[in-house]
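Asks: Got a structure for you, written out below as C-alpha cells; questions coming shortly.
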Ligand code: PHE
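Residue numbers (the working numbering): 101 to 451.
Rendered as C-alpha cells:
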C-alpha cells in the first residue's frame, strides 16, 4: 500500500506539471484529490489494514495528501500570477499618451457668407424667405414678365425636367431666386388681399444654369435675392440699402456704383458694382477697372407686382439679386468658383 501511495504521489505531481490554467487545475484537483482519486482509495481501504500497518500507512497517506494539497496551492498561485501578468501586459494603458484629436468640422465658406449676409440684412429689417429650387416655367419666367420665346430667356439657358403634357409650362431647375418673389408676394398678399402687408425679405438658395464652366461660372450657384415692397418705396431706398450692405460687409469706405441695365422683371434696372477693396478702385487683375460686378437690381416691374397680388398704383418696390459665391470670392480672394463644390479639404479647411 505504501507502494501504491508512492505511485499516487508521483503520478499526481507529474500530471501537475502539465497544468497551466485554472480549468485544468480544477480537473487535476478532482482527479487526484477528489473522492474517487487514488489517494482516497487508500484512505477507504484503511480499515482492512493490520494494527501495525495502520500508523505507518496513515502517516504516509497524510503526508502525500498534504504534499499534493501544497503543490496544488503553489500551482494555483503561479497560474493566477501568470494570468495577472498577462492581462497587465496585454491591456496596458499608457496614460501619458496625448489624446487623439477629433477632426472638427466647420461651416462651408459659402454658408459662412450666407449667414453674414443674413446678419447684415437682418439688421436692416429683412427676413429670410425660403423658396423652392424646382420651379415651373410660369414662375421662373412668365410671371416675371419673360413671355414664352422672349429673347431675355437666353441669358438663363437652363435645365428643363421632362414632364409629359405641360406644354408651355415645363418644369425647370430655377435659374435665379427671383421666382421666390412671386411665391412670397402671393403668400403675403393672400393674408389680406384688400390691403396686403409690406414685404421685406431676402431669398437665398441654389440656382442652376446650363453654363460652360470656367473660373467664374458654375452650373450651380447660390444667389441671394432681396425684395422690399410697400407704399412709397423709391430707387434711392434701393441704392441706400445696397450701399449700406457694401459698407457692412467690406467697411465704411466701401463705395457702390449703379449702371443702367435691363431685366424683364424690374423697371428701371441696374447692375450694381462695389469699388474694389483690393486695389482701392485703381484697377487690378481681380477687378479690371476698379469696380467689382456684384449683381442685378431694379424697381419691381408693375406687371410683377400685379402678379404677386400687389396693386402697382398703391405699391412700389425694389429687388436685387447676386451670387453668394461672388461675394465670398471677393471677401476671401478666391480666384476660381469651381473650388466651392469641388469638396477638396485643402480648400475647405482654409475657412
Ligand atoms: N435674377 C437676376 C439674375 O439672376 C438678378 C436680379 C434680381 C435682377 C432682382 C434684378 C432684380 O440675373
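C-beta atoms are modelled at their ideal positions from N, C-alpha and C, and glycine is treated no differently.
Contact criterion: CB-CB distance below 7 Å. Does residue 302 meet it with respect to chain B?
Replies: Among the chains of the structure shown, chain B does not appear; only one protein chain is present.
Asks: Between the Cα of residue 373 and the Cα atoms of 108, 283, 258, 346, which residue gives the shortest distance?
Replies: Among 108, 283, 258, 346, the Cα nearest to that of residue 373 is on 346.
Asks: For residue 304, list the residues DSSP reports as bridge partners.
Replies: 324.
Asks: Give the secondary structure of residue 158 by DSSP, where H, G and I count as helix, E and B as strand, and everything else as coil.
Replies: The answer is helix: DSSP assigns residue 158 an H, G or I state.
Asks: Can you list, in chain order, the residues of its chain whose CB lies under 6 Å from that of residue 326, leaving out five sequence neighbours each side?
Replies: Cβ within range, chain order: 302, 420.
Asks: Please determine whether the Cβ atom of residue 205 lies at a distance below 6 Å from any heavy atom of the ligand PHE.
Replies: It does not: the Cβ of residue 205 is nowhere closer than 6 Å to a heavy atom of the ligand PHE.
Asks: With a threshold of 6 Å (Cβ to nearest heavy atom), would residue 421 be considered close to the ligand PHE?
Replies: At least one heavy atom of the ligand PHE is nearer than 6 Å to the Cβ of residue 421, so yes.
Asks: Please determine, among 172, 204, 153, the residue with the shortest C-alpha to C-alpha distance to residue 118.
Replies: Closest by alpha carbon: 172.
Asks: Restricting to runs no shorter than 4 residues, where is the alpha helix (DSSP H) found entirely within the segment 114-192?
Replies: Counting whole runs of 4 or more residues, the segment 114-192 contains the alpha helix (DSSP H) stretches 122-133, 138-144, 153-190.
Asks: Just checking, does the segment 280-300 make contact with the segment 239-251 on the three C-beta pairs under 8 Å criterion?
Replies: Output reads yes: the segment 239-251 touches the segment 280-300.
Asks: State buried or exposed for residue 404, treating a residue as buried only when at least 16 other CB atoms are found within 10 Å of its CB.
Replies: So residue 404 counts as buried.
Asks: Residue ranges of each beta strand (DSSP E) run of no fewer than 3 residues wholly in the segment 324-383, ordered along the chain?
Replies: List check, beta strand (DSSP E) in window: 356-363, 366-375.
Asks: Do you know offhand how far residue 365's Cα is from residue 429's?
Replies: Going by the C-alpha atoms only, they are around 27 Å apart.
Asks: Can you tell me whether residue 156 is buried or exposed? The criterion is at least 16 other CB atoms within 10 Å of its CB, across all chains shown.
Replies: Exposed: under 16 other Cβ atoms inside 10 Å.
Asks: Report all residues from its chain with a CB closer than 8 Å to the CB of residue 101; omit the five preceding and five following residues, and keep chain order.
Replies: For residue 101, where only same-chain residues beyond five positions count, the Cβ hits under 8 Å are 142, 145, 149, 153, 157.
Asks: Can you tell which of 195, 196, 124, 137 has the C-alpha that lies nearest to the C-alpha of residue 176?
Replies: Per the Cα distances, 124.
Asks: Taking 6 Å as the cut-off, is the beta-carbon of residue 417 closer than that to any non-hydrogen atom of the ligand PHE?
Replies: Flag unset: Cβ of residue 417 not near the ligand PHE.
Asks: Please identify the residue among 432, 208, 270, 110 whose C-alpha is closest to the C-alpha of residue 163.
Replies: Measuring from the Cα of residue 163, the nearest candidate turns out to be 110.
Asks: Under three-state DSSP, which class holds residue 312?
Replies: Three-state result, residue 312: coil.
Asks: Would residue 190 be called buried (16 or more neighbouring beta carbons within 10 Å of its own) or exposed?
Replies: Residue 190 should be labelled exposed.
Asks: Residue 407: buried (16+ other C-beta within 10 angstroms of its C-beta) or exposed?
Replies: Answer is buried; the Cβ neighbour count reaches 16.
Asks: Starting from residue 448, trace the alpha helix (DSSP H) in both directions and tell me its first and last residue.
Replies: Here the alpha helix (DSSP H) through residue 448 covers 445-448.
Asks: Can you find the residues in the same chain that come closer than 7 Å, C-beta to C-beta, to residue 137, ignoring five residues on each side of it along the sequence?
Replies: 131.
Asks: For residue 307, count the other beta carbons within 10 Å of its own beta carbon; 16 or more makes it buried, fewer makes it exposed. Which is it?
Replies: Counting Cβ neighbours within 10 Å, residue 307 comes out buried, since at least 16 surround it.
Asks: Which residues in the same chain have their Cβ closer than 7 Å to the Cβ of residue 367, if we skip the five residues on either side of it in sequence?
Replies: Only 398, 399, 401 meet the Cβ criterion.
Asks: Out of curiosity, what's the CA-to-CA distance linking residue 199 and residue 178?
Replies: Distance between the alpha carbons of residue 199 and residue 178 is about 36 Å.
Asks: Would you call residue 207 buried or exposed, if buried means 16 or more other Cβ atoms sit within 10 Å of its Cβ?
Replies: It counts as exposed.
Asks: Verify whether the separation of the beta carbon atoms of residue 323 and residue 258 is less than 7 Å.
Replies: No, they are not a contact pair.
Asks: When burial is assigned at 16 or more other CB atoms within 10 Å of the CB, is residue 237 buried or exposed?
Replies: Classification of residue 237: buried, given that the 10 Å Cβ count is 16 or more.
Asks: Count the other C-beta atoms from every protein chain shown that fall within 10 angstroms of the C-beta of residue 126, then say buried if there are 16 or more, exposed otherwise.
Replies: It counts as exposed.
Asks: When the Cα of residue 166 is compared with those of 396, 221, 129, which residue comes out closest?
Replies: When only C-alpha atoms are compared, the closest one is 129.
Asks: Alpha carbons only, please: which of 116, 181, 106 is nearest the one belonging to residue 161?
Replies: Of the candidates 116, 181, 106, the one whose C-alpha sits nearest the C-alpha of residue 161 is 106.
Asks: Could you give the uninterrupted runs of the alpha helix (DSSP H) lying entirely in the segment 256-308, keeping only those of 4 residues or more?
Replies: Runs of the alpha helix (DSSP H) inside the segment 256-308: 279-291.
Asks: Indicate whether residue 333 and residue 417 have their beta-carbon atoms separated by less than 7 Å.
Replies: Against a cut-off of 7 Å, the Cβ pair of residue 417 and residue 333 comes out as a contact.
Asks: Given a cut-off of 7 Å on the beta-carbon distance, is the pair residue 452 and residue 439 in contact?
Replies: In the structure displayed, the chain extends from 101 to 451; residue 452 sits before or after that span and is not available.
Asks: Look up residue 416 in the DSSP assignment and say whether it is helix, strand or coil.
Replies: Of the three classes helix, strand and coil, the one that applies to residue 416 here is strand, per DSSP.
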